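In our numbering, the protein residues as written are 969 to 1305. Working notes for the structure below.
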Ligand code: HH2
């Protein structure tokens, strides 16, 4: 039987009991945890019952990301240069449109710009490598040429696209396949020296929503991410350069997504910052009664605030100004300076 995983129960109250531990070096703390074992109901345990090595991973401050300290929430803004992304497809295909959008996102409070040239929405077809490079590299180069200094991530599953994006000025590799889609990815990630986002997905975008199934979605996603961290470390990517992401909507039913949001804090046990992206996704429309992606802003904020409550460090969103405002209020209430 695999060892248990521990989900801290994050608190923000200024009255910290003796023995409370900081969550990932951030403003939240915990003194109790849920112990999750496959095939058993989670049980409540005190900090003292958790092995020292597991506690060290849960409590250690996370390294800064491109100079951004991760002891407060950061916003990754979505900038898709695709004709078919589910929410902003076709809006920023020309570099000048992408540049204008990027400036607006930075002005609205984006900490990182996530540039993607291949939609991974359910049912999407893969984009040829050279076409994806043609979409993202000129946009990243134009952003840098225009003096945009904000960190840029490239959202791609392909090593050649990541390499072209790095050459054009990207800083971070955001890979929804956790460096597993392209056999060249692990070596490039190691050689590049760049931070990488390892995201969980079950199946390929074309078919991933057909019949997603898990034994225990929270433990299965954590086990998958642990295995990908191990693969990345073995290839030469240190854990200090890795972020993890549960991949909301990637081969998941509404119930799977809800279980992952509720249990998100379990992923702190992997010892990496958590990136969380639920913005405008289908389950928000399904539960919130909002069929059009652009009308899912309020539900997206509700879910983002829950991720913050659980200590997620980076929130990937479309609605940057709204999220910035919500984070400002959340910080004032939960993490006063
Ligand atoms: N979601 C999407 C794309 N990339 N990357 C990470 N790390 N996490 C996510 O949740 C995530 C992601 C899908 O959203 P979007 O980019 O808006 O749509 P599309 O894939 O249709 O371009």
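C-beta atoms are modelled at their ideal positions from N, C-alpha and C, and glycine is treated no differently. The structure displayed is predicted, hence computed values, not measured ones.
Check: Which first and last residues belong to the beta strand (DSSP E) in which residue 974 is found?
Finding: 973 to 976
Item checked: Exposure label - residue 1272; buried when at least 16 CB within 10 Å -> buried
Item checked: CB of residue 1238 within 8 Å of CB of residue 1282, strictly -> no
Margin query: So residue 1233 and residue 976 are supposed to be a Cβ contact under 8 Å. How far apart are they, rounded?
Written below: 5 Å
Notebook entry, point to check: So residue 1082 packs on residue 1129, CB below 8 Å; how close in whole Å?
Noted result: Rounded, the Cβ-Cβ distance is 14 Å, inconsistent with contact.
Margin query: Using a Cβ-Cβ cutoff of less than 6 Å, which residues in the same chain neighbour residue 1029 once the five nearest sequence positions on both sides are dropped?
Written below: 993
Next item on the list: Measure the alpha-carbon distance for residue 1145 versus residue 1044 and round it to whole angstroms.
Entry: 18 Å
Notebook entry, point to check: In whole angstroms, what is the alpha-carbon distance linking residue 1127 and residue 1209?
Noted result: Straight-line spacing of the CA atoms in residue 1127 and residue 1209 works out to 17 Å.
Item checked: Residue from 1134, 1295 and 980 whose Cα sits closest to the Cα of residue 1106 -> For residue 1106, the nearest C-alpha among the options comes from 1134.
Check: In its own chain, which residues sit with a C-beta less than 6 Å from the C-beta of residue 1177, not counting the 5 before and 5 after it?
Finding: 1090
Notebook entry, point to check: Going by the beta-carbon positions, is the gap between residue 1140 and residue 1080 smaller than 8 Å?
Noted result: yes
Item checked: Distance between residue 1291 and residue 1263 (C-alpha atoms, nearest Å) -> 14 Å
Next item on the list: Give the single residue among 1256, 1143, 1051 and 1008 whose Cα lies nearest to the Cα of residue 1099.
Entry: 1051
Notebook entry, point to check: Would the C-beta of residue 1165 count as close to ligand 1, meaning under 7 Å from any of its heavy atoms?
Noted result: True, at least one ligand heavy atom lies under 7 Å from that Cβ.
Next item on the list: Consult DSSP for residue 1278 and reduce its assignment to one of helix, strand or coil.
Entry: DSSP places residue 1278 in coil when its eight states are reduced to three.
Notebook entry, point to check: Can you tell which of 1151, 1276 and 983 has the C-alpha that lies nearest to the C-alpha of residue 1297?
Noted result: Closest by alpha carbon: 1276.
Notebook entry, point to check: If you measure from the CB of residue 1225, is any heavy atom of ligand 1 nearer than 7 Å?
Noted result: no
Item checked: Three-state secondary structure assigned by DSSP to residue 1013 -> strand
Notebook entry, point to check: Which of the three DSSP states, helix, strand or coil, is assigned to residue 1026?
Noted result: helix
Next item on the list: Tell whether a beta-carbon distance below 8 Å holds between residue 1101 and residue 1111.
Entry: no
Checklist line | Bridge-paired residues (DSSP) for residue 979 | finding: 997
Margin query: Would residue 1189 and residue 1228 qualify as a contact pair, given that the criterion is a beta-carbon distance under 8 Å?
Written below: yes
Next item on the list: Within 10 angstroms of the Cβ of residue 1217, are there 16 or more other Cβ atoms? Answer buried if so, exposed if not.
Entry: Counting Cβ neighbours within 10 Å, residue 1217 comes out buried, since at least 16 surround it.
Notebook entry, point to check: What is the rounded straight-line gap between the Cα of residue 1010 and the Cα of residue 1201?
Noted result: 30 Å
Note to self: For residue 1250 and residue 986, I'd like the C-alpha separation in whole angstroms.
What the structure shows: 42 Å
Checklist line | Pick from 1038, 1150 and 1097 that is closest to residue 1027, judged by C-alpha positions | finding: 1038
Item checked: residue 1002 in three-state terms, based on DSSP -> Residue 1002: strand per DSSP, three-state reduction.
Notebook entry, point to check: From residue 1104 to residue 1266, what does the alpha carbon distance come to, in whole angstroms?
Noted result: 29 Å
Margin query: Buried or exposed, going by whether 16 or more other CB atoms sit within 10 Å of the CB of residue 1175?
Written below: exposed
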